[in-house]
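Everything on this sheet refers to the single structure shown next.
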Amino acid sequence: QVQLVESGGGLVQAGGSLRLSCAASRSIFSINGMGWYRQAPGKERELVALISSGGSPGYADSVKGRFTISRDNAKNTLYLQMSSLKPEDTAMYYCAARDPGGVFNSWGQGTQVTVSS
31 QVQLVESGGG LVQAGGSLRL SCAASRSIFS INGMGWYRQA PGKERELVAL
81 ISSGGSPGYA DSVKGRFTIS RDNAKNTLYL QMSSLKPEDT AMYYCAARDP
131 GGVFNSWGQG TQVTVSS
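Numbering follows the numbering used here, with no gaps: position 76 of the sequence shown is 106.
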């Protein structure tokens, strides 16, 4: 497992942007899948975006064209650039890493994103 620490959340108006960062405790070079999840009050946790070790991204339909996931292996950091934010993007955002078996079993503590209308 790897320890993950998110940062960059905050309060932003609708239409604004934020960049989330996720710092890992060790090299992420060999971690095949890393992703961002979010959980809004009263709702289940949902996958927002994921990225492979080669940099191939995938996105939930709700964020396609607005969010961009990236990773900097040299800095052991995962990012989520969020643009054109909507009130429905309000949630706690979590960084996660897959183990070799493909299970997301390393999680950060989360960073809150609040989008006001």
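Cβ atoms here follow ideal geometry from the backbone N, Cα and C, with glycine treated the same way. The model shown is predicted, which means the values in this text are computed figures rather than measured ones.
- The DSSP-derived three-state label of E74 is coil.
- Going by C-alpha positions, K105 is about 8 Å away from S57.
- Around the beta carbon of V133, fewer than 16 other beta carbons lie within 10 angstroms, which makes this residue exposed.
- Cβ-Cβ distances below 6 Å link T98 to Q111 in the same chain, with the five nearest sequence neighbours on each side left out; the list follows chain order.
- For Q69, the closest of M122, T144 and A126 by C-alpha to C-alpha distance is M122.
- When DSSP states are grouped into helix, strand and coil, P130 belongs to the coil group.
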